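Report on the following structure.
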Amino acid sequence: MVLSSVLGFPRIGAHRELKKITEAYWAGKATIDELVKTGKDIRAHNWKLQKDAGVDIIASNDFSYYDHILDLSLLFNVIPERYKKYNLPNIDTLFAMGRGLQREATETSPAVDVPALEMVKWFDSNYHYVRPTFSHNTEFKLNGQKPVDEYLEAKELGIDTRPVLLGPVSFLFLGKDDKDSLDLSLISLLPKLLPVYAEILAKLAAAGATSVQIDEPILVLDLPEEYKTAFKTAYKFLGEKTDIPKILIASYFGDARPNIDAIKGLPVAGFHYDFVRVPEQIDDAIDALTEKQILSVGIVDGRNIWKTDLSKAIDFVESAKSKLGADRIIVATSSSLLHTPVDLKNEGKSDPTITDWFSFATQKLDEVVLIAKAVTDGKDSVADALAANKKSIDARASSHITLDRAVRSRLESVTEKDSKRKAPFPERLDAQQALNLPLFPTTTIGSFPQTKEIRVNRNKYNKGDISKEEYEKFIQKEIDEVIKFQEDIDLDVLVHGEPERNDMVQYFGEKLNGFAFTTNGWVQSYGSRYVRPPIIVGDISRPGPITVKESKYAQSITTKPVKGMLTGPVTILRWSFPRNDISAKDQSLQLALALRDEVHDLEAAGVKIIQVDEPAIREGLPLRAGKERDEYVKWAPLSFRLATSGVENDTQIHSHFCYSDLDPAHIKALDADVVSIEFSKKDDPNYIQEFADYPNHIGLGLFDIHSPRVPPQKEFENRISEILKVYPKEKLWINPDCGLKTRKWDEVKKQLTNMVNAAKVFREKYATA
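Sequential numbering from 159 applies to the sequence shown in our numbering.
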């Protein structure tokens, strides 16, 4: 019998219950007991849902109140001393490391002021994890037993689960050395870490767990030799233990073949591979197995929302079965379903013609089970389901929605000239002196707080409870207030605050042809930040102006320059669910042409600074060196330049990047006049040095917008001083890490005021020098 498996399920709740309770807890409006109960309810619902669908192997320990990698840091006591000294409860320590904590002293507790740990992208996804932070003083030991507790919780419901943990080699590789331990070799910590893994695995076995899923996703990366060797060390150590469950090592998101020798022959029960991304690795995966090891075939896409072509998937698994036998095959999702919306049934108002093409996390359970049944009992046993699936696949392939010949014709006519500015940067800089900006110009990244009032009025407008005129009047009032606030604190380059925008990608998708949308297709991006990615269903074009009205209005009510704010083509592509029937390059270039029209209209409306954000450009970089990556580093910047290069020299083009390890060469290829980069949680002084030779202007973000913490002015001054040791004062802009949408107004006012005042200190210093 071929078994079915799901590597993990979305933890946000069918109706975002987790977001609501965590934010209520942070605001002091919910108790710890209420928080814990909601988490328990979500887990129970998820497990029962999978069991009722017929899934054979169900994951536990895939739940987290914030981030599952941060959970592991807490579990193994990888907690920097700055968090330990406050003696917070475990859940508050978790949140402090994830989002920072700043509160005044009370009669019962001391003051707390600690920033968040660094947060970066999880491989090439839009999920953010909190980077484990190690030091010479890290003492590995169990701090609780979360995986065991959740395994037993499921067991009480009559559901035997397979606990999942990030593996020891990936845990170290994906971490960083703390600011006081920059000479630390993380892999040298492996001998100290492994006994703690063995301890938690032994506790799981004692609780009744017979197998565990240990994720080693770094197997799809280009690894240094010491990390390849570390797999042998780690799993030989664990393999010698007789009191732990059987281990399945899971990789996903890419090609594990270049590292397959590092795991070949390991004393584990089997391996999981992502055959959605790289079906070509099947032969090598099979050849690397010992006679008794099993193969978990990741064939249902854990990263996208398109229905699986069930007939092709069954044929693929059948081929593996013919070589290994039914008892050594598991049909599985390619990765955790964390990256997909919860349930298509929540999309009652969506176009049924298009939603018939989709499969969300709940529907993917049925796909996994059906494939396993077909491989076990034959295709005839699921004939009706296969016929319905084929009808959906064929309908999408032949739909008029997917093809726009005018878009494709325009793309074919693009020339190299279209992607080049009219003059090199020094000449453009001379023309841009008309902006009359001071030394250390201050600005923000774009968005300002999305208040309850904004969300209520947007909801009223969407429901038809207020007219378009009433809604636009409300938006103008919000812009008035944001502009006045920025003038009052003396920012130099303003933004309109984006009160009309629900999300930096969704908003643009809603204004472009070629997109479909969900009403409840929420996906976790980080912590309590969830997004509803639009879905690219056809060729992309712009039917009319998107942002011009609001930008033009904002510029009309101030004498200071106001940036036009756009999301870049690569980011719109990466933060949507893309098509899987045409290339990513073509989708990105279609988006670039649509945005090129918008940039042209903004310039014609008198907007002289236009910011086109590309925070996903590093995220989109293929995980391995090679032909695919070489091609990406050409077409990704080409997309940006195609969108922005039609402007005159005196129009200043900005871009923004955050929460990833950037390569200055890739940023340079964009040829933006000014770039802003997330920087506040970068501890390595060499990170500044990497950008020392960047030829254009740059703003290194000075405070973490994902945290409510307000850095004092002196902290801003210290960071600017450090930057100026490396970067020329004439090229430095002063700005936050990212947009301020998720923050509250009282936090923003203090944060930005301290930032502006710090810039003025240096402006005065150099003016009198």
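By construction, the Cβ of each residue, glycine as well, lies at the ideal position given by its N, Cα and C atoms. Computed from a predicted structure; not experimentally measured.
**Q.** Inter-residue Cα distance where the pair is L544 and L468
**A.** Looking at the backbone, the Cα of L544 and that of L468 are separated by about 7 Å.
Q. What are the residues that DSSP puts in a beta bridge with S163?
A. In the DSSP assignment, the residues bridged to S163 are I215, A490.
Q.
Within the continuous alpha helix (DSSP H) that includes M913, where are the two ends?
A. Per DSSP, M913 belongs to the alpha helix (DSSP H) from 903-925.
Q.
Measuring straight from C-alpha to C-alpha, what distance separates L495 and K361?
A. Distance between the alpha carbons of L495 and K361 is about 27 Å.
**Q.** Option nearest K198 by Cα separation, candidates V706, K889, H812, E175
**A.** Checking every option, the nearest Cα to that of K198 belongs to E175.
Q: Please state whether DSSP places M255 in a helix, a strand or coil.
A: Under the three-state reduction of DSSP output, M255 falls in the helix class.
Q: Pick out whichever of K766, D442, V565, A763 has its Cα sitting closest to the Cα of D697.
A: The shortest C-alpha separation from D697 is found at V565.
Q. Alpha helix (DSSP H) containing N547: first to last residue?
A. Boundaries of the alpha helix (DSSP H) harbouring N547: 541-556, taken from the DSSP string.
Q | C-beta contact flag for L414 and I372 at 8 Å | A | Going by the sequence as given, residue 414 is Ala instead of Leu. In terms of Cβ geometry, A414 and I372 do not form a close pair [threshold 8 Å].
(Q) Using a 10 Å radius around the Cβ and a threshold of 16 neighbouring Cβ atoms, would you call R205 buried or exposed? (A) For the record, residue 205 in the displayed sequence is Trp; it is not Arg. Counting of Cβ neighbours within 10 angstroms places W205 among the buried residues, the total reaching 16 or more.
Q) Can you give the beta carbon distance from N615 to F632, rounded, assuming they're within the 8 Å contact cut? A) The beta-carbon distance between N615 and F632, rounded to whole angstroms, is 5 Å. This is short enough to meet the 8 Å contact definition.
Q) Which ranges would you report for the alpha helix (DSSP H) in the segment 414-467 if only whole runs of at least 4 residues count? A) Here the runs fully enclosed are 418-421, 440-445.
Q.
For W680 and Y688, I'd like the C-alpha separation in whole angstroms.
A. Roughly 6 Å separates the two Cα atoms.
Q | Residue of K642, Q769, K580, Q590 minimising C-alpha distance to S803 | A | With respect to the C-alpha of S803, the residue from K642, Q769, K580, Q590 having the closest C-alpha is K580.
Q | Check whether S734 and I767 have beta carbons under 8 Å apart | A | Judged by their CB atoms, S734 and I767 are not nearer to each other than the 8 Å cut-off.
(Q) Suppose the cutoff is 8 Å on Cβ atoms and the five residues either side in sequence are ignored; what does the same chain contact list for P853 look like? (A) Excluding sequence neighbours, P853 sits near F583, K826.
Q. Roughly how many whole angstroms lie between the Cα atoms of K839 and Y223?
A. Whole-angstrom Cα-Cα distance: 22 Å.
**Q.** Where P290 sits in the DSSP three-state scheme
**A.** Secondary structure of P290 (DSSP, three-state): coil.
Q) Starting from N617 and walking both ways along the beta strand (DSSP E), at which residues does that stretch end? A) Per DSSP, N617 is not a residue of any beta strand (DSSP E); the alpha helix (DSSP H) it occupies stretches across 610-621.
**Q.** Whether L781 touches F331 by CB criterion (8 Å)
**A.** It is not a contact, given that the beta carbons lie outside the stated cut-off.
Q | Nearest residue (CA-CA) to L730, options Y684, F798, K721, E789 | A | Note that residue 730 corresponds to Ile in the displayed sequence, not to Leu. For the residues Y684, F798, K721, E789, the minimum Cα distance to I730 belongs to F798.
Q. CB-CB under 6 Å to I775, same chain, minus the five flanking residues each way: which ones, in chain order?
A. Same-chain partners within the cutoff: V728, A794.
Q. Hey, would you say F861 sits closer than 8 Å to D895, going by beta carbons?
A. Judged by beta-carbon spacing, D895 lies within the 8 Å limit of F861, meaning their Cβ atoms are closer than that value.
Q: Taking the CB atoms as reference points, tell me whether V765 and G722 lie closer together than 8 Å.
A: With respect to G722, V765 sits close: the two C-beta atoms are nearer than 8 Å.
Q) Taking DSSP as the reference, what is the three-state secondary structure of D199? A) In this structure, D199 counts as helix in the three-state DSSP scheme.
Q) Can you name, in chain order, every residue of its own chain whose Cβ lies under 6 Å from the Cβ of G212, other than the five neighbours on each side? A) Around G212: V527.
Q: Decide if E905 is buried, meaning its Cβ has at least 16 other Cβ atoms within 10 Å, or exposed.
A: Classification of E905: buried, given that the 10 Å Cβ count is 16 or more.
Q.
Relative to the C-alpha of V695, which candidate in H558, L587, I637 has its C-alpha closest?
A. Considering only alpha carbons, the answer is H558.
Q. To which residues of the same chain is P866 closer than 6 Å at the C-beta, ignoring the five residues directly before and after it?
A. The residues are E905.
Q: Mark P657 as exposed unless 16 or more other C-beta atoms lie within 10 angstroms of its C-beta, in which case mark it buried.
A: Flag for P657 reads buried.
(Q) Quick check on the DSSP output: the beta strand (DSSP E) that includes V681 runs from which residue to which? (A) Counting along the chain, the beta strand (DSSP E) containing V681 begins and ends at 681-684.
(Q) Tell me the rounded alpha-carbon separation between G333 and V651. (A) The alpha-carbon atoms of G333 and V651 are separated by roughly 36 Å.
Q.
If contact is defined by three or more beta carbon pairs under 8 Å, each pair taking one atom from either stretch, is the segment 472-482 in contact with the segment 438-449?
A. Contact annotation: the segment 438-449 touches the segment 472-482, with at least three C-beta pairs closer than 8 Å.
Q | Continuous alpha helix (DSSP H) assignments of at least 4 residues falling wholly in the segment 315-396 | A | With a minimum length of 4 residues, the continuous alpha helix (DSSP H) runs that stay inside the segment 315-396 are 326-331, 348-365.
Q.
Going by C-alpha to C-alpha distance, which of S834, E357, L347 sits closest to E384?
A. Of S834, E357, L347, the residue nearest in Cα terms is L347.
Q: Tell me whether the beta-carbon of Q303 lies closer than 8 Å to the beta-carbon of I358.
A: Taking 8 Å as the Cβ cut-off, Q303 and I358 qualify as a contacting pair.
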